[in-house]
Amino acid sequence: MSTPGIEGRLEAARAQIDRVTPEEAWREVEDGAVVVDIRPVSQRETTGELPEGPGSVVIDRNVLEWRLDPTSGASLPIASTDLRVLVLCQQGYASSLAAQTLREVGIHRAADVVGGFDAWLEAGLPVRRP
Numbered sequence: 001m002s003t004p005g006i007e008g009r010l011e012a013a014r015a016q017i018d019r020v021t022p023e024e025a026w027r028e029v030e031d032g033a034v035v036v037d038i039r040p041v042s043q044r045e046t047t048g049e050l051p052e053g054p055g056s057v058v059i060d061r062n063v064l065e066w067r068l069d070p071t072s073g074a075s076l077p078i079a080s081t082d083l084r085v086l087v088l089c090q091q092g093y094a095s096s097l098a099a100q101t102l103r104e105v106g107i108h109r110a111a112d113v114v115g116g117f118d119a120w121l122e123a124g125l126p127v128r129r130p
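Residues 1 to 130 (UniProt numbering) are what the sequence shown spells out, left to right.
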């Protein structure tokens, strides 16, 4: 029997997705993965952002599925059901739910970054400071 409430939802989502460490995410970018930062602008302005480049993109959480689903009329050029998407939030909770939702809409290689941006910083990976 699953845990009730949001904890149960999080547990169920994580059972269905891949989860990668920040270091693994950084290495996967070299192989074509894209880290998708879903944090609100206020968090990015306060704590920093991923470096700009082909391996990272900011997509607001409220439009994530539309931007990455290639069948959507609002999809980005990178959208593909085969795209390796590594979802990043601040601490690794919302990203788990978002990655699982992406899988439900057909982005079957979606995963999340364990510990989120906080863990990214702690790992000493590249960031643009506010």
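For glycine and all other residues, C-beta sits at the position ideal for the given N, C-alpha and C. Just so you know, these numbers come straight off a predicted model, no measurement behind them.
- Cβ-Cβ distances below 8 Å link residue 75 to 66, 67, 68 and 69 in the same chain, with the five nearest sequence neighbours on each side left out; the list follows chain order.
- If only complete runs of 4 or more residues are kept, the UniProt domain "Rhodanese" (29-129) shows the alpha helix (DSSP H) at 41-47, 64-68, 94-104 and 116-122, in order along the chain.
- Here residue 112 really is in contact with residue 17; their C-beta atoms are around 6 Å apart, less than 8 Å.
- Minimum Cα-Cα distance from residue 86 among the listed residues 47, 60, 40 and 33 corresponds to 33.
- The segment 38-49 and the segment 19-29 do not touch, with fewer than three beta-carbon pairs separated by less than 8 Å.
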